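This report refers to the structure that appears directly beneath it.
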Ligand SMILES: Cc1ncc(COP(=O)(O)O)c(C=O)c1O
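In our numbering, the protein residues as written are 25 to 458.
Shown next, in the form of structure tokens:
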């Protein structure tokens with residue numbers, strides 16, 4: 025086990041600097057939990073440096089938060105980045121355009137639900153949600169309905185960490201309390217039940233009708249609520265939302281940032297219901313996990329509404345918009361995905377997770393075990409001890425990031441059957457010891 029990181033800095037020094045200077049997601053400053061130092065990654069394995077208990081390699085059960093669907097250090101994606109790097113790494117997008125961005129927009133339009141025609145390239149998932157909200161509010165403002173500026177969502181959701189996305193995250197998640205009085209106040213329906221329930225469908229319909237005069241849009245994660253609780257729901261609710269939004273003159277936004285690019289077994293989760301939203305956000309796996317990039321797609325109707333306004337432009341333009349490196353690798357990642365039988369691969373992972381997680385339902389403290397596509401979830405009846413659960417998974421040779429009452433995995437699609445079984449053992453170990 026090397027105790028010097030690949031860059032040459034002793035691991036202990038690197039960790040000390042990290043603790044003193046570097047914020048980690050949802051972390052205190054200075055840091056209290058020691059992160060693992062990743063030296064390199066290839067295929068489904070992360071190579072860990074140092075003596076801090078976990079030397080060697082870990083099988084990645086997280087796809088770096090849903091993004092690395094093809095695994096790490098993929099020759100095709102590496103080549104796409106290298107090739108683009110030889111041309112240009114970046115140019116501004118105002119007044120200029122380039123083939124990677126145009127090619128990416130064309131691919132997204134071709135592969136997404138029928139009717140989504142226009143693409144705004146953003147720099148992260150949260151920003152793509154901000155752009156989606158801005159599109160919807162501006163659409164109504166341009167049509168002379170500026171009072172339609174609130175959003176409706178259901179509880180249990182997660183849409184990112186910037187301002188508008190935070191306002192539609194699950195209000196029980198802590199962030200709302202912290203920011204109450206500062207965040208926009210949105211309209212919340214109850215969390216969607218797993219199975220179809222007519223009473224819940226009526227509740228959605230009624231609430232949308234009741235608030236239609238002030239609603240710009242309904243925004244939800246379709247079929248799978250991710251970081252808000254890893255819950256699955258009947259796709260039939262998406263049809264209910266579509267009907268209610270159409271009936272009451274409200275736009276519908278699907279946040280496919282986690283669910284997009286095959287994760288649930290359909291290319292986009294909207295396909296499970298055959299519904300086209302007015303606006304759709306994608307991110308995470310868009311670049312195969314190589315670089316940060318997201319996109320907001322919309323229909324011609326939404327764009328047309330905006331163009332009729334006093335200010336007929338979409339007033340948003342990030343400095344790194346359409347970054348050619350990210351766009352080039354996104355094109356390569358999409359081609360890689362569509363060029364293989366990804367449906368069979370995701371089904372294989374689904375079957376492997378069902379088999380390897382079955383044992384978890386026998387464990388004390390386990391409330392539910394659920395699998396959909398390449399997503400496996402074990403829900404406990406108590407808050408997990410994150411450090412103990414992570415250690416248990418690492419002892420099994422797997423990287424997991426349990427949180428709240430959840431141990432979950434969404435492995436890269438290239439994960440082999442033996443590694444899937446190993447991930448299953450690690451999830452069970454984390455659920456037992458966490
Ligand atoms: C459904 C959903 N929306 C939005 C986001 C925010 O994306 P990002 O972290 O790239 O800003 C996430 C990230 O976890 C997500 O899962």
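Ideal placement from N, C-alpha and C gives every residue a C-beta, glycine not left out. Quick caveat, the model's predicted, so the values are computed rather than measured.
Of the listed residues the options, nearest to residue i (C-alpha basis)
| i | options | result |
| --- | --- | --- |
| residue 90 | 454, 449, 450, 432 | 432 |
| residue 446 | 336, 130, 302, 422 | 422 |
| residue 82 | 443, 455, 211 | 443 |
| residue 346 | 406, 80, 122, 278 | 122 |
| residue 119 | 341, 398, 418 | 341 |
| residue 397 | 68, 283, 353 | 283 |
| residue 236 | 271, 253, 262 | 271 |
| residue 328 | 312, 310, 302 | 302 |
| residue 85 | 218, 324, 437 | 437 |
| residue 175 | 203, 273, 96 | 273 |
| residue 461 | 64, 45, 418 | Nothing about residue 461 can be read from this structure; the chain reaches only from 25 to 458. |
| residue 181 | 57, 188, 172, 194 | 194 |
| residue 358 | 92, 335, 154, 189 | 92 |
For residue j and residue i, the rounded distance between their alpha carbons
| i | j | result |
| --- | --- | --- |
| residue 116 | residue 326 | 25 Å |
| residue 50 | residue 71 | 24 Å |
| residue 344 | residue 330 | 23 Å |
| residue 35 | residue 351 | 34 Å |
| residue 208 | residue 186 | 12 Å |
| residue 192 | residue 32 | 44 Å |
| residue 385 | residue 453 | 12 Å |
| residue 395 | residue 374 | 7 Å |
| residue 41 | residue 47 | 11 Å |
| residue 148 | residue 316 | 6 Å |
| residue 105 | residue 365 | 24 Å |
| residue 125 | residue 167 | 30 Å |
| residue 418 | residue 58 | 14 Å |
Residue i: CB within 7 Å of a non-hydrogen atom of ligand 1
| i | result |
| --- | --- |
| residue 461 | Coverage of the chain is limited to positions 25 through 458, which leaves residue 461 absent and any answer about it impossible. |
| residue 214 | no |
| residue 182 | yes |
| residue 471 | Since the first residue shown for the chain is 25 and the last is 458, residue 471 is missing from the structure and cannot be characterised. |
| residue 303 | no |
| residue 153 | yes |
| residue 279 | yes |
| residue 189 | yes |
| residue 459 | An answer regarding residue 459 cannot be provided, because it is not within the stretch 25 to 458 covered by the chain. |
| residue 384 | no |
| residue 67 | no |
| residue 312 | no |
| residue 148 | yes |
CB-CB length for residue i against residue j, believed under 8 Å
| i | j | result |
| --- | --- | --- |
| residue 296 | residue 247 | 6 Å |
| residue 216 | residue 257 | 4 Å |
| residue 276 | residue 266 | 6 Å |
| residue 451 | residue 360 | Actually they do not touch by this definition, with Cβ atoms about 27 Å apart. |
| residue 263 | residue 214 | The Cβ separation is near 18 Å, so there is no contact. |
Per DSSP, the bridge partner or partners of residue i
| i | result |
| --- | --- |
| residue 245 | According to DSSP, which records beta bridges pairwise, residue 245 is partnered with nothing at all. |
| residue 323 | 140 |
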